[in-house]
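Asks:
Number of protein chains: 2
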Amino acid sequence: MTSREKLVAAIADAGTYLCVGFDPPLDVYRSPDALIEAGRTLVRIASDYCAAFKFNSAFFEAHGGAGFDALAELIASVPERRYVIVDAKRADIGSTAEAYAHALFARLGADAVTVNPYMGRDAVEPFVRTPEQLAFVLAVTSNSGADDFQMLDCGGVPLYEHVVRTFDRTEWRDRLGYVVGATRAELLAAVRKIVGSDVPLLVPGVGAQGGDIAAVLDANAGGIMLVNVSRALHERFAGGTAGEFAAVLDRYRRLLATR
Amino acid sequence: MTSREKLVAAIADAGTYLCVGFDPPLDVYRSPDALIEAGRTLVRIASDYCAAFKFNSAFFEAHGGAGFDALAELIASVPERRYVIVDAKRADIGSTAEAYAHALFARLGADAVTVNPYMGRDAVEPFVRTPEQLAFVLAVTSNSGADDFQMLDCGGVPLYEHVVRTFDRTEWRDRLGYVVGATRAELLAAVRKIVGSDVPLLVPGVGAQGGDIAAVLDANAGGIMLVNVSRALHERFAGGTAGEFAAVLDRYRRLLATR
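So the protein lines, in turn, are chains P and Z.
Going by the working numbering, the first residue of the first sequence is number 1, and it counts up by one from there.
Going by the working numbering, the first residue of the second sequence is number 1001, and it counts up by one from there.
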């Protein structure tokens, strides 16, 4: 099964585009053991409500080597029917990108990773050397700094669109997806139109960041998609009971139902 | 002392712009212990010939958590008078970038890191919150993919130049430097002209990648600079005697002498 097929199967099985993000803040989870304990609980409860998990590499690296290993342990606890994204936003020249790909896919066990397009196509290609690998290229991010460069007019086309069109013309386009923030649904619609319905989009920015779920579903037009929710869930996870956490998961699951 | 002052002092003390890169391939160094042993030897010998070391995070991460800790151990072995760059090419939204900064500066002990500009200013600012931190923003990279986006015409100005001008106008410009590949000395001259002589440039791409050292020195015009050599040194390090390694180090030290 290719990584994209695994993603499609996970969305179909869960009946929702919900991706649960785990960005465990250093001041809340003070040790790698605390990360593993909380992460295992999160995975166990959330697996019934989501298609995928997105683990944010930074918050594990902040704990040093033991944090890195905690992430590997956590990913190993995810049920096989759920898709795993390691959000690492890497990119580098040839052999370095290969080393990152080894760390993320072979060591950590990711099904997909996030990558940064600035260095160009040859800095992304090593992340998708096999069909079991998939890389979500950053197109439009959900932070305010997205305006600094991503929206620049490059000969009549904004940079983010040039990025998407460039990668979508590669021979390995079937192993790519794109990150498009939920806060700009019209750009999500524009990207979906360029790549067609069978290219996965990873959409952060709903929940705490305020993206409109109905607008996201509309813009996606039924394509392969994961909508990531992290902070809005985490408040209930860290501050409430398991039942309260399950309730908010169920709410997002239904809001993001595939039909 | 600020990070930039430490860099200036290291260059003055060594009398050379030489930065020694350590990108230990996974198929040569098969364990974290092998990384540490080789790395310590490299640091011990090379400290007499260079101003700085650049450690490539990817090749340590490829060994998992123990690789990450090996990098911290190696950095701790670098003499205080030498500058340490962790080449990690990170960037992410607010709290995530803070976690990366914690991992790279607090956990690993970097004096400076490399960062990717695509996500904008707010994805870089968390890396330079204190004067003891410095971030080299990718401007022109030395890979062929640099042409894909970095050279795009954005309203009469290539993207890389727009990146440099945007960051150079921030309030934290004194904590920034730029990565400009040696393979395009004319672009190095252009960046130097924009930022002035007191902003550090990190220049990869001489040695194995074929950049012309004389052209680089000319383009730099006496500004703060580090010229990284990795692969060309590594061949002698892995395949020769300590004396042969010292000889090639000494050759690059002299080629890159500050006067």
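For each residue, glycine too, the CB sits at the ideal point set by N, CA and C.
All figures in this text were calculated on a predicted structure; none of them were measured in a lab.
Taking the beta carbon of P:G205 as the centre, do at least 16 other beta carbons fall within 10 Å, making it buried, or is it exposed?
Replies: buried
Asks: Which residues mark the beginning and the end of the beta strand (DSSP E) in which Z:I1085 is found?
Replies: 1083-1090
Asks: For P:S31, decide whether its Cβ has a neighbour in chain Z, counting only Cβ atoms nearer than 7 Å.
Replies: Cβ-Cβ to chain Z under 7 Å: no for P:S31.
Asks: Less than 7 Å between CB atoms is the rule here; does P:M151 satisfy it with respect to chain Z?
Replies: no
Asks: Do you know whose CA, among Z:G1222, Z:A1221, Z:Y1252, lies nearest Z:L1233's CA?
Replies: Z:Y1252
Asks: Could you give the first and the last residue of the continuous alpha helix (DSSP H) run that contains P:L291?
Replies: In the structure as shown, chain P begins at 1 and stops at 259. Residue 291 of chain P is therefore absent and cannot be evaluated.
Asks: So who's on the other strand from P:D153, going by DSSP bridges?
Replies: P:P158
Asks: Along the chain, where does the alpha helix (DSSP H) that runs through P:T96 open and close?
Replies: 94-101
Asks: Give the residues of chain Z in contact with P:T258, contact being defined as C-beta atoms less than 9 Å apart.
Replies: Ordered by position in chain Z, no residue passes the 9 Å Cβ test against P:T258, which lies about 27 Å from the chain.
Asks: Mind checking the stretch 153-169 of chain P against chain Z and listing, in chain order, the residues whose C-beta falls within less than 8 Å of any C-beta there?
Replies: Taking 8 Å as the Cβ-Cβ cut-off against chain Z, the residues of the stretch 153-169 of chain P that qualify are D153, C154, G155, L159, H162, V163, T166.
Asks: Examine chain P for any beta-carbon lying closer than 7 Å to the beta-carbon of Z:K1089, and answer yes or no.
Replies: yes
Asks: Going along chain Z in order, which residues have a C-beta closer than 7 Å to the C-beta of P:T96?
Replies: D1023, N1056, A1058
Asks: Taking the CB atoms as reference points, tell me whether P:Y49 and P:L176 lie closer together than 7 Å.
Replies: no
Asks: Short check: CB of Z:A1051 to CB of Z:I1011, under 7 Å?
Replies: yes
Asks: Can you name the residues of chain P whose CB is closer than 7 Å to the CB of Z:R1121?
Replies: G145, D148
Asks: Tell me whether Z:I1075 is buried or exposed, calling it buried when 16 or more other Cβ atoms sit within 10 Å of its Cβ.
Replies: Buried: at least 16 other Cβ atoms inside 10 Å.
Asks: So, with DSSP's three-state summary, where would you put Z:A1146?
Replies: helix
Asks: From the beta carbon of Z:N1116, is the nearest beta carbon of chain P less than 7 Å away?
Replies: yes
Asks: So with Cβ pairs under 7 Å, would you call Z:Y1178 a contact of chain P?
Replies: no
Asks: Count the C-beta pairs between the stretch 1119-1134 of chain Z and the stretch 67-87 of chain P that are closer than 8 Å, then say yes if the count reaches three, no if not.
Replies: no
Asks: Identify the residues that DSSP records as bridge partners of P:A135: which are they?
Replies: P:V113, P:L176
Asks: Mapping the DSSP letters down to three states, classify Z:T1016 as helix, strand or coil.
Replies: strand
Asks: Do we get a CB-CB distance below 7 Å when we pair Z:G1109 with the residues of chain P?
Replies: Taking Cβ atoms only, chain P never reaches closer than 7 Å to Z:G1109, which makes this a no.
Asks: Once DSSP output is grouped into helix, strand and coil, what is the label at Z:A1052?
Replies: strand
Asks: Cβ of P:G145 within 7 Å of Cβ of Z:G1155?
Replies: no
Asks: Is the Cβ-Cβ distance between P:V180 and P:F136 less than 7 Å?
Replies: no
Asks: In its own chain, which residues sit with a C-beta less than 6 Å from the C-beta of P:K54, not counting the 5 before and 5 after it?
Replies: Correct list, in chain order: C19, G21, I85, D87, N228.
Asks: Under a CB-based cut-off of 7 Å, is Z:E1073 close to chain P?
Replies: no
Asks: Taking the C-alpha atoms as reference points, what is the distance between P:A308 and P:Q133?
Replies: The first residue shown for chain P is 1 and the last is 259, placing residue 308 of chain P beyond what the model contains.
Asks: Determine the burial state of Z:S1031: buried for a count of at least 16 other Cβ atoms within 10 Å of its Cβ, exposed for fewer.
Replies: exposed
Asks: How big is the Cα-Cα spacing for P:G211 and Z:I1036?
Replies: 46 Å
Asks: Please decide whether Z:E1061 counts as near chain P, where near means a Cβ-Cβ distance under 7 Å.
Replies: Output row for Z:E1061: interface = yes.
Asks: Below 8 Å on C-beta distance, what does Z:L1042 contact in chain P?
Replies: Within chain P, no residue comes near Z:L1042; the closest Cβ sits about 17 Å away, beyond 8 Å.
Asks: Can you find a CB in chain P that lies within less than 7 Å of the CB of Z:H1234?
Replies: no
Asks: Secondary structure at P:A257, three-state DSSP: helix, strand or coil?
Replies: strand
Asks: For a quick check, are the C-beta atoms of Z:L1159 and Z:F1149 less than 7 Å apart?
Replies: Their beta carbons are under 7 Å apart, which means Z:L1159 touches Z:F1149 by this criterion.
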